[in-house]
Each structure stands twice: as structure tokens, then as C-alpha cells.
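Student:
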Amino acid sequence: PVFTTKMNDTTSLFSQYEREYCSKSTEISRKLDGLSTLNGDLRKRKVSELDLDLKEAESALKKLDFESRSLAPSVSVALQPKVKDYKADLASLKAQFQQVKATTPADVRLELGLGGEFASASQAQRERLLSSTAMLENTSSRLESGKRLLVETEEIGAGILRDLHSQRQTLVHARDTLFGADEGINKARTVLSSMSRRMFQHKIIMYGVVAMLAGAIIFILYMKLH
């Protein structure tokens with residue numbers, strides 16, 4: 077249970093950092109597209125904002141990379157291609173930002189192709205990344221459901237083992253009771269055998285006494301007659 081909780085917390089952090097990066101990346105792309113129409117102090121202010129946004133996106137990506145490496149190896153390997161795509165996306169945004177800063181507003185769209193097509197392509201790319209994120213979250217949900225089912229199965233198995241142990245104790249107690257009963261029966265059989273032998277001995281003695289008395293009576297009668 078402790079291990080399951082830890083995995084859930086780490087996956088939650090990964091998803092949080094991933095959403096943070098994707099949101100910041102989309103915002104940077106939108107600002108880059110709008111920067112080509114700005115001039116003067118407003119352009120400088122937006123450039124400063126973009127510089128700060130890129131640093132925040134890089135920070136979120138570093139945390140994302142760290143969290144992906146802290147997961148179990150099987151999950152971490154599956155996440156590394158996504159992290160690699162995010163790194164490539166950030167590198168592309170940085171390169172575009174440097175070109176935008178070094179290019180005059182009139183030449184920006186011609187040299188970088190910024191505008192509707194660029195925004196559409198970037199949006200499509202981010203939609204694909206978000207779709208992959210949703211698929212990953214669904215997979216994580218299925219894994220968590222499987223883990224919960226495994227825990228429930230383990231609990232049922234533990235309950236069955238406890239029941240079997242209790243039944244074993246009952247059988248052992250019944251066996252001990254039978255052994256005690258067997259001992260009592262053996263003792264009773266011994267006593268009955270002893271009583272039977274004594275009765276037989278008494279019968280022999282009684283028959284002997286009767287025979288002796290009968291012999292004495294016959295002898296007395298014989299003596300009187302003669």
C-alpha cells in the first residue's frame with residue numbers, strides 16, 4: 077500500500093509538470109507570433125516577458141525530466157520519448173526567440189514563417205502532445221485499477237488462508253479429542269477384560285466348592301449306609 081501511494085503521487089507530479097510546460101509552451105508560441113507586429117518599447121517589454129517565459133518553461137521541463145527518471149524503470153522508459161520531444165520543442169522555441177530578437181519586425185514573417193501557418197502547426201503539435209498525455213493518463217488509470225484489483229485479490233487470498241488455518245486448528249483439536257477418546261476406550265477395555273477374568277476365576281472357585289460339597293455329601297451318605 078505504501079508503494080502504491082508513492083507511485084500515484086509521483087505520476088501526479090509528472091502530469092502536473094507536463095501540463096505546466098505545455099501551457100507555457102503554447103503561451104510562448106502565441107507571444108512569438110504576436111511579437112512580429114510590435115515595435116518600440118512594447119516590443120522590448122514582450123521580449124523580456126518571452127525571456128522570462130522561456131526560463132519558466134525550462135524550469136518546468138527540468139522538473140518533468142527529474143520526475144520521469146524517478147519513476148519505475150518500465151514507466152520511465154515509456155516517458156523518455158515524450159520528455160525528448162518536449163526538449164526538442166523548447167530548443168525550437170529558444171531558436172525562434174533568438175531569431176525574432178535579431179530580426180527587424182518587417183523581416184520576421186519572411187525569414188521565420190511566423191503567422192497563421194506557424195501557429196496552426198505549433199497548435200497541431202501541442203494537440204498531439206496533449207493527446208499523448210491523455211493516453212498516458214488513461215494507461216496510468218488502468219494500471220492503478222489493476223493494482224487495486226491485485227490488492228483486493230491479495231486480501232481475499234489472505235482471508236482464505238486465515239480460514240484454512242482456523243479450520244486446521246479445529247481439525248487438530250478434533251484429532252486430539254479422538255485420541256483422548258481412544259485412550260479412554262482402551263482403558264475401559266482393559267478394565268472389562270480384568271473384570272471378565274476375575275468373574276471366570278470366581279466361577280471356577282464356586283464350581284470347585286460345589287463339587288467339594290457334593291463329594292462330601294456323597295461320602296457321608298455312603299458311610300451311613302454301610
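According to my numbering, the sequence shown is numbered sequentially starting from 77. For glycine and all other residues, C-beta sits at the position ideal for the given N, C-alpha and C.
(1) On the criterion of 16 or more Cβ atoms from any shown chain inside 10 Å, does I261 qualify as buried, or is it exposed?
(2) Report the option in D141, Q172, K131, A167 whose CA atom is closest to the CA atom of P157.
(3) Quick one: what does DSSP say A148 is sitting in, helix, strand or coil?
(4) Name the residue from T266, R145, A257, L128 whose alpha carbon lies nearest to the alpha carbon of K170.
(5) Buried or exposed: E259, going by 16 or more other Cβ atoms within 10 Å of its Cβ?
(6) Please state the DSSP three-state secondary structure of S112.
(7) State the Cα-Cα distance for the pair K138 and L114, rounded to the nearest angstrom.
(8) Among S99, D117, L206, which residue has its Cα nearest to the Cα of A136?
(9) So for T266, helix, strand or coil by DSSP?
(10) Could you check what DSSP says for T179 in three-state terms: helix, strand or coil?
(11) Ignore the nearest five residues each way along the sequence and tell me which others in K107's own chain have a CB closer than 8 Å to its CB.
(12) Go ahead and pull the three-state DSSP assignment for H249.
(13) Take the Cβ of D117 as the centre, count every other Cβ of all protein chains shown within 10 Å, and call the residue buried at 16 or more, exposed below.
(14) Per DSSP, what kind of secondary structure is H278 in: helix, strand or coil?
(15) L247 to R265, Cα distance in whole Å?
(16) With burial defined as no fewer than 16 other Cβ atoms inside 10 Å of the residue's Cβ, what is the status of L355: buried or exposed?
(17) What separation, rounded to the nearest whole angstrom, lies between the Cα atoms of R49 and R274?
(18) Between V159 and S144, is the Cβ-Cβ spacing less than 7 Å?
(19) Is H302 helix, strand or coil when you go by DSSP?
Tutor: The short version:
(1) As a first step, residue 261 must be located in the sequence shown, where it is residue number 185. Exposed: under 16 other Cβ atoms inside 10 Å.
(2) Reading the sequence shown from its first residue, position 81 is the one you call residue 157. Cα-wise, what sits closest to P157 is D141.
(3) Working through the sequence shown from its first residue, we reach residue 148 at position 72. Three-state DSSP puts A148 in coil, outside helix and strand.
(4) For the purposes of this step, residue 170 is identified with residue 94 of the sequence shown, where counting begins at 1. Cα-wise, what sits closest to K170 is L128.
(5) As a first step, residue 259 is located in the sequence shown; it is residue number 183 there, counting from the start. Classification of E259: exposed, given that the 10 Å Cβ count is below 16.
(6) Here residue 112 is taken as the residue at index 36 of the sequence shown, counted from 1. Reduced to three states, the DSSP call for S112 is coil.
(7) On the sequence shown, position 62 is the one that residue 138 refers to. On the sequence shown, position 38 is the one that residue 114 refers to. If I take the Cα positions, the gap works out to 31 Å.
(8) The residue given as residue 136 occupies position 60 in the sequence shown. It is S99.
(9) Translated into the one-based positions of the sequence shown, residue 266 becomes position 190. Three-state DSSP puts T266 in a helix.
(10) For the purposes of this step, residue 179 is taken as the residue at position 103 of the sequence shown. The answer is coil: DSSP assigns T179 none of H, G, I, E or B.
(11) The count along the sequence shown starts at 1 and reaches residue 107 at position 31. Same-chain partners within the cutoff: K122, E125, L126, D129.
(12) For the purposes of this step, residue 249 is taken as residue 173 along the sequence shown, with counting starting at 1. In this structure, H249 counts as helix in the three-state DSSP scheme.
(13) By 1-based counting over the sequence shown, the position of residue 117 is 41. It counts as exposed.
(14) If you number the sequence shown from 1, residue 278 lands on position 202. In this structure, H278 counts as helix in the three-state DSSP scheme.
(15) By one-based count along the sequence shown, residue 247 stands at place 171. By one-based count along the sequence shown, residue 265 stands at place 189. Cα to Cα, the separation comes out at about 26 Å.
(16) The requested residue 355 does not occur in the structure, where the chain is confined to residues 77 to 302.
(17) The first residue shown for the chain is 77 and the last is 302, placing residue 49 beyond what the model contains.
(18) Translated into the one-based positions of the sequence shown, residue 159 becomes position 83. Translated into the one-based positions of the sequence shown, residue 144 becomes position 68. In contact: V159 and S144 (Cβ atoms closer than 7 Å).
(19) Taking the first residue of the sequence shown as position 1, residue 302 is located at position 226. In this structure, H302 counts as coil in the three-state DSSP scheme.
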